[in-house]
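Enquirer: Structure incoming, see below.
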Amino acid sequence: MNNPFIRLEEVSKSFGLLTVVEGLNLEIGKGEFISLLGPSGSGKTTILMMLAGFENPTSGAIWAGGKRIDSLPPHRRNMGVVFQNYALFPHMTVSQNVAFPLKMRSLPRAEVKERVGKALDMVQLGSLAERRPSQLSGGQQQRVALARALIFEPEVVLMDEPLGALDKQLREQMQLDIRDLHRRLKLTIVFVTHDQSEALTMSDRIAIFNRGKIEQIGKPSDIYDHPSTQFVAEFIGETNLVWGTVKSMEGGTARVQLPAGQQVLVETATDLGPNSKVCLSIRPERIKVGRREAAGNNITAAVSDIVYHGDHLRLIARSDGQSLIIKTDRSQPTLSIGDEVQLSFLSSDCWVVRP
Amino acid sequence: MSVLRFSKLIFGSATVFFLIAPLIAILPLAFTDSVFLNYPIPAYSTRWFVELFTAGVWQRSIINSLIIGCGTTVLATFLGTVGALGLRDKQLSLVLTTIKTVFLLPMVVPAVVLGVGMQLMFARYALTNTYLGVIIAHTVVAVPFVVVNVLAVLQGIDRRLEQAAASLGAAPVTVLKQVTLPLALPGIVSGAVFAFATSLDEVVLTLFVAGPNQRTLARQMFSTIRENISPAIAAAAFVFIVGTVLIAIVVNFSRGTKRAKEVR
Amino acid sequence: MNAPRLSKQVISLALVAPLLLFLIVFFALPLVTMMKSAVSDPVAARTLPATARSVSSWNRTSPPTVEMQAAFVADLRQISDDQLFGDLVRRLNSAKSGFRTLMPKTRKAALDTAGSIDLVALDKRWGDISYWQAVSVAASSKITDRNLLAAVDLQRDASGAIASVPADASANKAIMLRTFVMALTVTGACVLIGFPFAMIAASVDGWKRQLLLGAVLLPLWTSLLVRTAAWFILLQDRGLINSVLMQSGVTSSPIPLIFNRAGVIIAMTHVLLPFMVLPIFSVLIGIPKNLMPAAASLGAHPVRAFLNVLLPLGLRGVVSGSLLVFMSALGYYITPALIGGAKDQMISSVIAYYATGAANWGMAGALGLVLLAATMILYAIYLRLSSERETSP
Numbered sequence: 000m001n002n003p004f005i006r007l008e009e010v011s012k013s014f015g016l017l018t019v020v021e022g023l024n025l026e027i028g029k030g031e032f033i034s035l036l037g038p039s040g041s042g043k044t045t046i047l048m049m050l051a052g053f054e055n056p057t058s059g060a061i062w063a064g065g066k067r068i069d070s071l072p073p074h075r076r077n078m079g080v081v082f083q084n085y086a087l088f089p090h091m092t093v094s095q096n097v098a099f100p101l102k103m104r105s106l107p108r109a110e111v112k113e114r115v116g117k118a119l120d121m122v123q124l125g126s127l128a129e130r131r132p133s134q135l136s137g138g139q140q141q142r143v144a145l146a147r148a149l150i151f152e153p154e155v156v157l158m159d160e161p162l163g164a165l166d167k168q169l170r171e172q173m174q175l176d177i178r179d180l181h182r183r184l185k186l187t188i189v190f191v192t193h194d195q196s197e198a199l200t201m202s203d204r205i206a207i208f209n210r211g212k213i214e215q216i217g218k219p220s221d222i223y224d225h226p227s228t229q230f231v232a233e234f235i236g237e238t239n240l241v242w243g244t245v246k247s248m249e250g251g252t253a254r255v256q257l258p259a260g261q262q263v264l265v266e267t268a269t270d271l272g273p274n275s276k277v278c279l280s281i282r283p284e285r286i287k288v289g290r291r292e293a294a295g296n297n298i299t300a301a302v303s304d305i306v307y308h309g310d311h312l313r314l315i316a317r318s319d320g321q322s323l324i325i326k327t328d329r330s331q332p333t334l335s336i337g338d339e340v341q342l343s344f345l346s347s348d349c350w351v352v353r354p
Numbered sequence: 000m001s002v003l004r005f006s007k008l009i010f011g012s013a014t015v016f017f018l019i020a021p022l023i024a025i026l027p028l029a030f031t032d033s034v035f036l037n038y039p040i041p042a043y044s045t046r047w048f049v050e051l052f053t054a055g056v057w058q059r060s061i062i063n064s065l066i067i068g069c070g071t072t073v074l075a076t077f078l079g080t081v082g083a084l085g086l087r088d089k090q091l092s093l094v095l096t097t098i099k100t101v102f103l104l105p106m107v108v109p110a111v112v113l114g115v116g117m118q119l120m121f122a123r124y125a126l127t128n129t130y131l132g133v134i135i136a137h138t139v140v141a142v143p144f145v146v147v148n149v150l151a152v153l154q155g156i157d158r159r160l161e162q163a164a165a166s167l168g169a170a171p172v173t174v175l176k177q178v179t180l181p182l183a184l185p186g187i188v189s190g191a192v193f194a195f196a197t198s199l200d201e202v203v204l205t206l207f208v209a210g211p212n213q214r215t216l217a218r219q220m221f222s223t224i225r226e227n228i229s230p231a232i233a234a235a236a237f238v239f240i241v242g243t244v245l246i247a248i249v250v251n252f253s254r255g256t257k258r259a260k261e262v263r
Numbered sequence: 000m001n002a003p004r005l006s007k008q009v010i011s012l013a014l015v016a017p018l019l020l021f022l023i024v025f026f027a028l029p030l031v032t033m034m035k036s037a038v039s040d041p042v043a044a045r046t047l048p049a050t051a052r053s054v055s056s057w058n059r060t061s062p063p064t065v066e067m068q069a070a071f072v073a074d075l076r077q078i079s080d081d082q083l084f085g086d087l088v089r090r091l092n093s094a095k096s097g098f099r100t101l102m103p104k105t106r107k108a109a110l111d112t113a114g115s116i117d118l119v120a121l122d123k124r125w126g127d128i129s130y131w132q133a134v135s136v137a138a139s140s141k142i143t144d145r146n147l148l149a150a151v152d153l154q155r156d157a158s159g160a161i162a163s164v165p166a167d168a169s170a171n172k173a174i175m176l177r178t179f180v181m182a183l184t185v186t187g188a189c190v191l192i193g194f195p196f197a198m199i200a201a202s203v204d205g206w207k208r209q210l211l212l213g214a215v216l217l218p219l220w221t222s223l224l225v226r227t228a229a230w231f232i233l234l235q236d237r238g239l240i241n242s243v244l245m246q247s248g249v250t251s252s253p254i255p256l257i258f259n260r261a262g263v264i265i266a267m268t269h270v271l272l273p274f275m276v277l278p279i280f281s282v283l284i285g286i287p288k289n290l291m292p293a294a295a296s297l298g299a300h301p302v303r304a305f306l307n308v309l310l311p312l313g314l315r316g317v318v319s320g321s322l323l324v325f326m327s328a329l330g331y332y333i334t335p336a337l338i339g340g341a342k343d344q345m346i347s348s349v350i351a352y353y354a355t356g357a358a359n360w361g362m363a364g365a366l367g368l369v370l371l372a373a374t375m376i377l378y379a380i381y382l383r384l385s386s387e388r389e390t391s392p
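Protein chains in written order, with numbering that gives the first Met the number 0: chain G, 0 to 354; chain W, 0 to 263; chain S, 0 to 392.
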């Protein structure tokens with residue numbers, strides 16, 4: 000990145016003997032929406048806490064807008080934070096909550112009033128200004144928390160699983176609302192979540208965390224189509240992992256022999272030496288059933304289970320000891336358990352991942 | 000089963016009777032016209048209430064109790080609240096755990112033992128027979144109640160509220176003033192009520208530390224029972240019991256309405 | 000530990016500092032003062048410095064030397080403060096009676112004549128070696144174990160060995176035993192009433208539970224003096240209980256209920272019962288409601304289910320409650336002082352008597368130390384038990 004707005008440089012954080020974040024480097028551009036995605040305990044929330052200033056890095060440096068901020072107390076960082084449980088002040092009304100950051104900045108009363116009104120209108124809560132947080136629904140509280148974090152026009156907005164407590168429908172609505180706000184206000188957003196679909200829907204880029212390190216970082220489509228490691232392939236979406244041995248390498252295509260002796264063609268950017276063991280990831284929806292693909296890989300398999308999912312069917316098929324999951328649409332000719340089927344996939348849909 | 004239910008009912012009622020009846024039984028005696036504390040009450044009057052609020056010794060002792068109670072409340076609430084703020088982390092270091100134990104010890108040490116020590120030591124610094132001395136003595140035994148009450152509330156406060164305030168631009172002192180203390184207020188208030196009640200009821204330390212000029216209501220009641228029992232005691236007891244019930248109702252009611260509001 | 004954590008610790012320490020300082024000065028220091036008064040014995044050493052020097056080479060069995068007598072007379076001439084002299088006489092007399100008359104007589108003689116005095120000629124008691132032993136013991140040390148020993152009815156005999164005091168002079172052991180027995184009786188009464196009551200309170204809900212708990216909390220919140228006054232009024236010879244008994248014909252003359260052991264036990268049980276009920280209740284309420292049905296479904300008879308499931312679990316509450324009640328009962332003062340007779344006074348009353356009545360700070364301190372130690376041991380056990388419960392739920 001040419002001119003990153005936030006830069007984390009070799010940041011580590013330990014609590015006692017436990018290292019939560021280890022030598023992490025990350026750059027975030029101005030106006031970018033980046034998601035930190037990972038299982039719990041992977042260090043993503045700790046990164047957010049260090050950006051907000053609630054935790055200090057054990058070593059390393061954090062830069063924002065060209066200034067080093069890692070020793071700055073939270074109240075001098077000018078970052079809006081939205082918490083998982085919203086953290087609205089229960090002893091203040093909605094408008095007092097939203098006015099809080101402006102009062103801290105000693106703005107004139109008239110201006111505070113005007114901006115609070117505008118902010119509440121923006122999140123469609125103007126009519127509830129005098130309510131207490133405890134009198135609002137979860138979704139309404141969430142929008143108050145957003146208004147409060149945005150009203151002082153912070154340089155960065157940090158969100159810690161802000162939609163975790165909402166039900167599915169409301170969560171999807173809020174995802175769109177937040178993305179819309181991001182575009183309209185040109186916000187820089189760091190969004191922590193453990194929900195992969197949320198990250199895929201909303202982000203410009205996703206950083207996948209595992210055990211205190213970034214496993215892979217990139218655009219959602221990159222991450223999904225070209226996972227670089229086994230962990231990422233399994234964490235994002237669903238995948239079939241197949242082990243094999245490289246037989247030969249021609250241009251960008253490798254010929255890989257599966258344990259049962261079948262050979263498949265795999266497109267890869269890296270040069271794979273002959274006889275090296277590789278792990279292949281094949282997405283279930285990329286496997287076609289009942290068709291031979293002249294340019295691709297063809298395997299025969301036996302159907303061992305069929306699961307009905309409404310909009311699609313899932314087949315479990317076994318081929319020489321290898322179990323494969325296939326997602327297919329419902330227009331398939333009726334299959335039953337035990338049938339032999341022809342499976343095919345393109346060499347570009349077969350991706351080599353690091354173990 | 001019905002035998003069990005029946006015996007439960009009998010035992011429960013008998014115990015409730017044992018606990019409550021003595022307190023109820025002396026209430027009517029406050030309105031006796033006689034100089035004896037006996038049933039049946041010959042005639043009713045309010046003469047003992049008049050005595051309680053106008054007779055020199057009683058009036059003086061009520062005023063003393065108010066002075067000392069208020070002084071104790073202010074001192075204990077301040078020291079206890081600040082101390083509790085330092086102990087609020089759920090994971091305390093060994094030093095702080097020890098300090099927390101020390102803070103609660105005055106509740107445990109027998110009052111007479113503490114009284115003997117205070118009399119000896121306070122005499123050296125001319126604190127015996129002074130209001131300040133009595134206030135200090137009462138604060139020592141009242142402060143654990145403040146610490147316990149404030150600590151309970153503080154530990155229930157979500158740390159993220161304070162983090163949120165800081166992220167919105169509040170400096171640590173502002174966070175304390177605008178978020179932490181307002182949220183801890185119920186605990187501080189109940190700590191203060193406990194501190195005042197403790198001071199009001201304290202006799203033993205008062206016996207050792209106070210002089211005749213600092214004779215409190217409790218001390219006056221103690222010597223009245225001991226020397227010449229009079230229905231003024233029943234009148235004082237009436238005021239105490241009714242006051243306790245009223246405070247209990249108010250506290251319960253305010254908690255109830257608060258909960259109702261939150262549920263809505 | 001890294002820097003921010005350290006500074007957090009520093010902030011915490013700064014916050015607890017004022018209260019800690021306050022309690023050190025006004026809570027710990029008085030207790031230390033009391034303990035020091037139990038062992039401090041500076042009067043004779045301060046007033047008889049020359050005697051102290053000359054007795055240091057004396058073997059305490061041979062007759063007193065001429066130098067000792069001269070030093071003693073010289074010391075007496077130096078004492079100008081009558082109050083100090085009075086303290087000295089009181090100190091010596093407490094070790095050996097006779098000094099009360101002997102000392103003023105000797106001082107008068109010492110002040111009246113300028114030269115050396117033959118003390119034995121002045122009063123033949125000075126020829127008795129035991130008087131000199133008392134002076135020697137008192138003057139040679141500023142601390143003493145006299146009070147501590149006396150607190151448990153022990154003393155040092157002429158040779159310095161520890162021995163029991165004669166039966167007719169011993170009182171403290173009896174008082175400690177009485178305190179222990181009374182506290183134990185009250186604890187037992189509280190368990191007998193409190194455990195079933197807490198079980199009933201935990202087994203019902205709604206307004207019934209509110210009522211039962213309210214009945215426990217109201218007395219707890221009511222002034223201790225009010226409760227004691229209530230019992231005083233009720234237990235009198237012409238009080239409510241006796242008039243009801245007499246009117247119903249159960250008795251023709253009042254049953255003595257006040258100024259005796261029964262009255263004290265009843266009133267103390269009433270006062271301390273909440274401390275038994277609340278811990279048991281909080282343990283019982285934490286036991287899952289389905290445990291008893293579970294035991295029943297496994298084939299246990301209700302009585303067996305109670306004995307094997309509820310009782311062992313509730314017992315932890317009983318232990319905490321008993322420790323609390325026993326600990327509080329040990330140091331009780333107000334209720335026995337107002338409702339008890341002379342034979343029902345507990346150790347606190349005796350301490351109060353020594354402190355305010357007899358101005359014998361040494362004995363007050365020594366007995367206070369015994370009571371304090373007993374309470375602290377019980378409290379340590381209580382803390383241990385409750386922290387165990389926290390770690391192993």
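Using N, Cα and C, we set each Cβ at its ideal position, and we do this for glycine too.
These numbers come from a predicted model, not from an experiment.
Measure the C-alpha to C-alpha separation of residue 262 of chain G and residue 272 of chain G and round it to an integer number of angstroms.
Expert: Residue 262 of chain G and residue 272 of chain G: Cα-Cα distance of roughly 16 Å.
Enquirer: Does the region 235 to 255 of chain G come into contact with the region 53 to 67 of chain G, if we say contact requires no fewer than three beta-carbon pairs (one atom in each stretch) closer than 8 Å?
Expert: They do not touch, by the three-pair rule.
Enquirer: Using a Cβ cut-off of 8 Å (strictly closer), state whether residue 128 of chain G contacts chain W.
Expert: Chain W, which has no Cβ nearer than 8 Å to the Cβ of residue 128 of chain G, makes this no.
Enquirer: Residues in its own chain within less than 7 Å of residue 42 of chain S by CB, not counting five upstream and five downstream?
Expert: Taken in chain order, the residues that qualify are 86, 87 and 90.
Enquirer: Assuming contact is defined by CB atoms lying nearer than 8 Å, are residue 121 of chain W and residue 199 of chain S in contact in what I supplied?
Expert: No. Outside cutoff.
Enquirer: Looking only at its own chain, which residues have a Cβ that is under 6 Å from the Cβ of residue 200 of chain W, when we skip the five neighbours before and after it?
Expert: Here the set comprises 217.
Enquirer: Since residue 38 of chain S contacts residue 146 of chain S with CB under 8 Å, what's their CB separation in whole angstroms?
Expert: That pair is a contact at about 7 Å.
Enquirer: Which stretch, first to last residue, makes up the alpha helix (DSSP H) that contains residue 102 of chain G?
Expert: Looking at the DSSP string, the run of the alpha helix (DSSP H) that includes residue 102 of chain G is 93 to 103.
Enquirer: Who are the neighbours of residue 173 of chain W on chain G, taking C-beta pairs under 9 Å?
Expert: Under the 9 Å cutoff, chain G gives 74 and 103.
Enquirer: Of all the residues that make up the region 33 to 47 of chain W, which are near chain S by a beta-carbon distance shorter than 9 Å?
Expert: Per Cβ criterion, the list reads 35, 36, 37, 38 and 39.
Enquirer: Can you tell which of S:140, S:101, S:111 and S:142 has its C-alpha closest to the C-alpha of residue 122 of chain S?
Expert: Answer by Cα proximity: S:101.
Enquirer: Give the secondary structure of residue 33 of chain W by DSSP, where H, G and I count as helix, E and B as strand, and everything else as coil.
Expert: Here residue 33 of chain W sits in coil by DSSP.
Enquirer: Is the beta carbon of residue 212 of chain G sitting closer than 8 Å to the one on residue 17 of chain G?
Expert: Contact flag unset, no.
Enquirer: If we count the other Cβ atoms within 10 Å of its Cβ and call it buried at 16 or more, is residue 307 of chain G buried or exposed?
Expert: Exposed, since its Cβ has fewer than 16 Cβ neighbours within 10 Å.
Enquirer: If we ignore side chains and look at the alpha-carbon of each, how far apart do residue 327 of chain S and residue 250 of chain W end up?
Expert: Taking the straight line from one Cα to the other gives about 27 Å.
Enquirer: Consider the Cβ of residue 193 of chain G: report whether some Cβ of chain W lies at a distance smaller than 8 Å.
Expert: Taking Cβ atoms only, chain W never reaches closer than 8 Å to residue 193 of chain G, which makes this a no.
Enquirer: Quick one: which chain W residues come within Cβ less than 7 Å of residue 221 of chain S?
Expert: Residues of chain W passing the Cβ test: 22, 239, 240 and 243.
Enquirer: Are residue 117 of chain W and residue 208 of chain W touching if we call contact CB-CB under 8 Å?
Expert: In contact: residue 117 of chain W and residue 208 of chain W (Cβ atoms closer than 8 Å).
Enquirer: Hey, which unbroken runs of the beta strand (DSSP E) at 3 residues or more fall wholly within the region 14 to 81 of chain G?
Expert: Within the region 14 to 81 of chain G, the complete beta strand (DSSP E) runs of at least 3 residues are 17 to 27, 32 to 36, 58 to 63 and 78 to 81.
Enquirer: Tell me, please, which residues DSSP counts as bridged to residue 299 of chain G.
Expert: BP columns for residue 299 of chain G point to G:341.
Enquirer: Closer than 9 Å between beta carbons: that is the criterion. Which residues of the region 310 to 337 of chain S meet it against chain W?
Expert: Under the 9 Å Cβ criterion, the region 310 to 337 of chain S contributes 326, 327, 329, 330, 331, 332, 333, 336 and 337.
Enquirer: Quick one, which residues of the region 226 to 239 of chain S are near chain W if we go by CB-CB under 8 Å, in chain order?
Expert: So the list reads 226, 227, 228, 229, 230, 231, 232, 233, 235, 237, 238 and 239, given in the order they occur along the chain.
Enquirer: Please name the residue, chosen from W:105, W:129 and W:173, that lies closest to residue 24 of chain S on a Cα-to-Cα basis.
Expert: Checked all of W:105, W:129 and W:173; the closest Cα to residue 24 of chain S is W:105.
Enquirer: Run through the region 273 to 335 of chain G for me and flag every whole beta strand (DSSP E) of 3 or more residues, listed as ranges in chain order.
Expert: Entirely contained in the region 273 to 335 of chain G, the beta strand (DSSP E) runs reaching 3 residues are, in chain order, 276 to 281, 296 to 307, 312 to 318 and 321 to 327.
Enquirer: Given a cut-off of 8 Å on the beta-carbon distance, is the pair residue 109 of chain S and residue 51 of chain S in contact?
Expert: Result no, Cβ atoms of residue 109 of chain S and residue 51 of chain S do not sit closer than 8 Å.
Enquirer: Taking the runs of the alpha helix (DSSP H) that are 4 residues or longer, which of them lie wholly in the region 157 to 241 of chain W?
Expert: Those alpha helix (DSSP H) runs which fall completely within the region 157 to 241 of chain W and span 4+ residues are 158 to 166, 171 to 174, 180 to 200, 203 to 208 and 216 to 225.
Enquirer: Using DSSP with H/G/I as helix, E/B as strand and the rest coil, what is residue 262 of chain W?
Expert: Because residue 262 of chain W sits at a pLDDT of 42, beneath the cut-off of 50, its placement in the model cannot be relied upon, and the following sentence gives the value as read from the coordinates. In the structure shown, residue 262 of chain W sits in a helix (DSSP, three-state: H, G or I).
Enquirer: Say whether chain C places a C-beta atom closer than 8 Å to the C-beta of residue 170 of chain W.
Expert: The structure shown has no chain C; the protein chains it does contain are G, W and S.
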